[in-house]
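Residue numbers (the numbering used here): 3 to 103.
From the three backbone atoms N, C-alpha and C, an ideal C-beta is built for every residue, glycine too.
Note sheet for the following structure.
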Amino acid sequence: MFLNIMTPRHTRLQLHRPKMQLYKNLQALQLEDHPLRLQFCRWFLQKHAEIQNFSSLVLATDEATFTRNGIKNSRNTHIWAVENPHAVRRNHFQHRFSINV
């Protein structure tokens, strides 16, 4: 059964035009990384139980990372598509040279 619903042309064009879709930068992990990440999570939960408001004591700073690959601004990279492709861009492996300023 089909419903004949009249939709204005400009509405149809807006529904089906490509939209800017952002992708996530994910670090390529190695097999030995999983136990270390699990160990860190357990340590963090233990500290959170021992020290009141431990998570608020963790500092988040605005840092710049310079690597031998150069400086990359991930906010300037976009994907244009009608539907969100849930795209993922893997970065290089962890073993690289970098300096935080």
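Note down, in chain order, each residue of its chain lying with its Cβ closer than 8 Å to the Cβ of residue 59, except the 5 sequence neighbours on either side. Contacts found: 53.
For residue 50 and residue 56, believed in contact at Cβ under 8 Å, the rounded distance: Right, the Cβ-Cβ distance comes to about 5 Å (below 8 Å), so this counts as a contact.
Look at the alpha carbon of residue 36 and the alpha carbon of residue 48, and state the distance between them as a whole number of angstroms. Going by the C-alpha atoms only, they are around 18 Å apart.
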